[in-house]
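Working notes for the structure below.
There are 2 protein chains.
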Amino acid sequence: MKRDSEKTRQRILSGLETLITREGFTGVGMNAAAREAGVDKVLIYRYFGSMGGLLEAFANEKKLCPRMEDIFDNLPDDTPHHEIATRIVLDHSRALQKSPLAQELVCWKLTEQNPLTIAFGKSMEQSGMRALAEMGIIPDEEIVTLVTVLICGLQHLILRGRNNNPMMNIDYSKPETREKVERVISSVIKTFFESREGESEKL
Amino acid sequence: MKRDSEKTRQRILSGLETLITREGFTGVGMNAAAREAGVDKVLIYRYFGSMGGLLEAFANEKKLCPRMEDIFDNLPDDTPHHEIATRIVLDHSRALQKSPLAQELVCWKLTEQNPLTIAFGKSMEQSGMRALAEMGIIPDEEIVTLVTVLICGLQHLILRGRNNNPMMNIDYSKPETREKVERVISSVIKTFFESREGESEKL
DNA sequence: ACCTGGTGTCACCAGTCGGTGATATACATC
DNA sequence: GATGTATATCACCGACTGGTGACACCAGGT
């Protein structure tokens, strides 16, 4: 093996990535990580100290959160709020849909707390908060709540779709199903916004 | 140990239950199951053949799905449809909230396919379908979709709440947060139903 | 040429895993 | 009491796990 510590570090980290995506988080371990990277496991201890250290480094140096394409760039200023909210929900779910790594991390986070899942959670949280802030009209708690529940719902459907676990016959791995769901999401957000505007007019 | 095969069978099964709820599904294994039940693991092989057989028996003989209290019993016949739909969503989530075992099984199902998770999935699916059927007005796909997404969203929030993983500052383990979310759910379902009624009148 | 420190390789440890064969013990039947 | 059978216990296997110490190698500096 060539003597290049930085390169082996990277080999280990990207080996971990393929390991997580291929075997799932239950398959992650010292020996497996070393095998996957084609490296003696003692090097992992040398460079990262422990499994926790490895996960932490992975969290710091890898892009965990699938980049949401910048949602608001090509939006005219007069875009209705409900349309922005819809975008947030749908873009979030599409980004997750595209990233098997992120999917596995969401799943991991639901079952275990470790440096990686914690960091991943924070990064997701930030991304979400930033999106909400950009929405302009944050202070309405109810709308934030609705958007959050919808995002969670889609996340859950995506995770179920991975192993063909339909829910109420909704198999989110099928594109036509996704389209249908997205239409409903868009519609429900629109009506909810309208109903709230109606109320505020009454006051 | 007393010689009572049926009793040891039950000891093994209920030991598995406490094992799952205490350690999570990642802690489930032959040795652990035997330890937990205070039984030699060879007995597990004798009675259940394999881990798969044990999980299958567990699925058949234990109540996996938290019984939704019969939602529709004390409902007057003229209860608005949107109220019924709301009940379905909220009762489903409250039932899950009460059952740590079911929560773990949902989580397990997202990461692995085995006799137990498969059976659990089917049982959840049936329960959901039955609820929808009772709702009377099934054929509206959009409403079914909305209800499903909302249920998924609440499921996800519940799972996050287990390990204090708030989402957009929504910590579903706090009762007051749950109340707020439930109010929004109820409200959004109501407005969605109303908007659809309005449309059908137009036709 | 010699040392030094960073790097990679190997061998090994104790502990746990899933899984199995042989054997002891209790109980019902004769 | 003797026999047979179902039940439970024990000992063990190979494979794998996380973790560590000893050593070989190869650079650069003196």
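Line by line, the protein sequences are chains B and G.
Note that our numbering has the first sequence beginning at 9, numbered continuously upward.
Note that our numbering has the second sequence beginning at 9, numbered continuously upward.
All C-beta atoms, glycine included, are put in the ideal place defined by N, C-alpha and C.
Buried versus exposed call for residue i [16 or more other C-beta atoms within 10 Å across all chains shown]
{"i": "Q105 (chain B)", "result": "buried"}
{"i": "V50 (chain G)", "result": "exposed"}
{"i": "K117 (chain G)", "result": "buried"}
{"i": "R17 (chain G)", "result": "buried"}
{"i": "N173 (chain B)", "result": "buried"}
{"i": "R168 (chain G)", "result": "buried"}
{"i": "Q121 (chain G)", "result": "exposed"}
{"i": "R191 (chain B)", "result": "exposed"}
{"i": "F201 (chain G)", "result": "buried"}
{"i": "T87 (chain G)", "result": "exposed"}
{"i": "R186 (chain G)", "result": "buried"}
{"i": "L83 (chain B)", "result": "exposed"}
{"i": "Q134 (chain B)", "result": "exposed"}
CB contact check: residue i to chain B, cutoff 8 Å
{"i": "E142 (chain G)", "result": "no"}
{"i": "K49 (chain G)", "result": "no"}
{"i": "R102 (chain G)", "result": "no"}
{"i": "E184 (chain G)", "result": "no"}
{"i": "A110 (chain G)", "result": "no"}
{"i": "C73 (chain G)", "result": "no"}
{"i": "R138 (chain G)", "result": "no"}
{"i": "T119 (chain G)", "result": "yes"}
{"i": "V36 (chain G)", "result": "no"}
{"i": "L154 (chain G)", "result": "yes"}
{"i": "M176 (chain G)", "result": "yes"}
{"i": "G32 (chain G)", "result": "yes"}
{"i": "G23 (chain G)", "result": "no"}
Residue j beta carbon less than 8 Å from that of residue i
{"i": "I159 (chain B)", "j": "H90 (chain B)", "result": "no"}
{"i": "T119 (chain G)", "j": "I197 (chain G)", "result": "no"}
{"i": "L109 (chain B)", "j": "T29 (chain B)", "result": "yes"}
{"i": "L165 (chain G)", "j": "I151 (chain G)", "result": "no"}
{"i": "A220 (chain G)", "j": "A141 (chain G)", "result": "The question about residue 220 (chain G) has no answer here: the residues shown for chain G are numbered 9 through 211."}
{"i": "L24 (chain G)", "j": "L62 (chain G)", "result": "yes"}
{"i": "G206 (chain B)", "j": "E112 (chain B)", "result": "no"}
{"i": "P123 (chain B)", "j": "G60 (chain B)", "result": "yes"}
{"i": "G161 (chain B)", "j": "G129 (chain G)", "result": "no"}
Where residue i falls: helix, strand or coil (DSSP)
{"i": "Q175 (chain G)", "result": "Before going further, note that residue 175 (chain G) is Met rather than Gln in the sequence given. Of the three classes helix, strand and coil, the one that applies to M175 (chain G) here is strand, per DSSP."}
{"i": "L211 (chain G)", "result": "Residue confidence for L211 (chain G) is low, a pLDDT of 49 falling below 50, so the modelled location carries little weight; the figure read from the coordinates is stated next. Coil."}
{"i": "E120 (chain B)", "result": "coil"}
{"i": "N82 (chain G)", "result": "coil"}
{"i": "P74 (chain G)", "result": "coil"}
{"i": "D99 (chain B)", "result": "helix"}
{"i": "G32 (chain G)", "result": "coil"}
{"i": "P88 (chain B)", "result": "coil"}
{"i": "K15 (chain G)", "result": "helix"}
{"i": "Y180 (chain G)", "result": "coil"}
{"i": "Y196 (chain G)", "result": "The question names Tyr, but residue 196 (chain G) is Val in the sequence shown. Looking at V196 (chain G) - three-state DSSP - the assignment turns out to be helix."}
{"i": "K10 (chain B)", "result": "coil"}
{"i": "G57 (chain B)", "result": "coil"}
{"i": "G23 (chain G)", "result": "helix"}
{"i": "V47 (chain B)", "result": "coil"}
{"i": "G129 (chain G)", "result": "helix"}
{"i": "S203 (chain G)", "result": "helix"}
{"i": "G37 (chain G)", "result": "coil"}
{"i": "S135 (chain B)", "result": "helix"}
Chain G within 8 Å of residue i, Cβ atoms only
{"i": "E150 (chain B)", "result": "yes"}
{"i": "F200 (chain B)", "result": "yes"}
{"i": "N171 (chain B)", "result": "yes"}
{"i": "K15 (chain B)", "result": "no"}
{"i": "S203 (chain B)", "result": "yes"}
{"i": "Q18 (chain B)", "result": "no"}
{"i": "Q163 (chain B)", "result": "yes"}
{"i": "V157 (chain B)", "result": "yes"}
{"i": "E46 (chain B)", "result": "The sequence shown places Gly at residue 46 (chain B), rather than the Glu named in the question. G46 (chain B) does not count as touching chain G."}
{"i": "I92 (chain B)", "result": "no"}
{"i": "D12 (chain B)", "result": "no"}
{"i": "L167 (chain B)", "result": "yes"}
Anticipated Cβ contact below 8 Å, residue i with residue j, distance rounded
{"i": "T26 (chain G)", "j": "E44 (chain G)", "result": "6 Å"}
{"i": "M176 (chain B)", "j": "M137 (chain G)", "result": "7 Å"}
{"i": "A139 (chain B)", "j": "I96 (chain B)", "result": "5 Å"}
{"i": "S107 (chain G)", "j": "P74 (chain G)", "result": "4 Å"}
{"i": "V189 (chain G)", "j": "V157 (chain B)", "result": "7 Å"}
{"i": "V47 (chain G)", "j": "R19 (chain G)", "result": "6 Å"}
{"i": "A42 (chain B)", "j": "I52 (chain B)", "result": "6 Å"}
{"i": "S203 (chain G)", "j": "T199 (chain B)", "result": "4 Å"}
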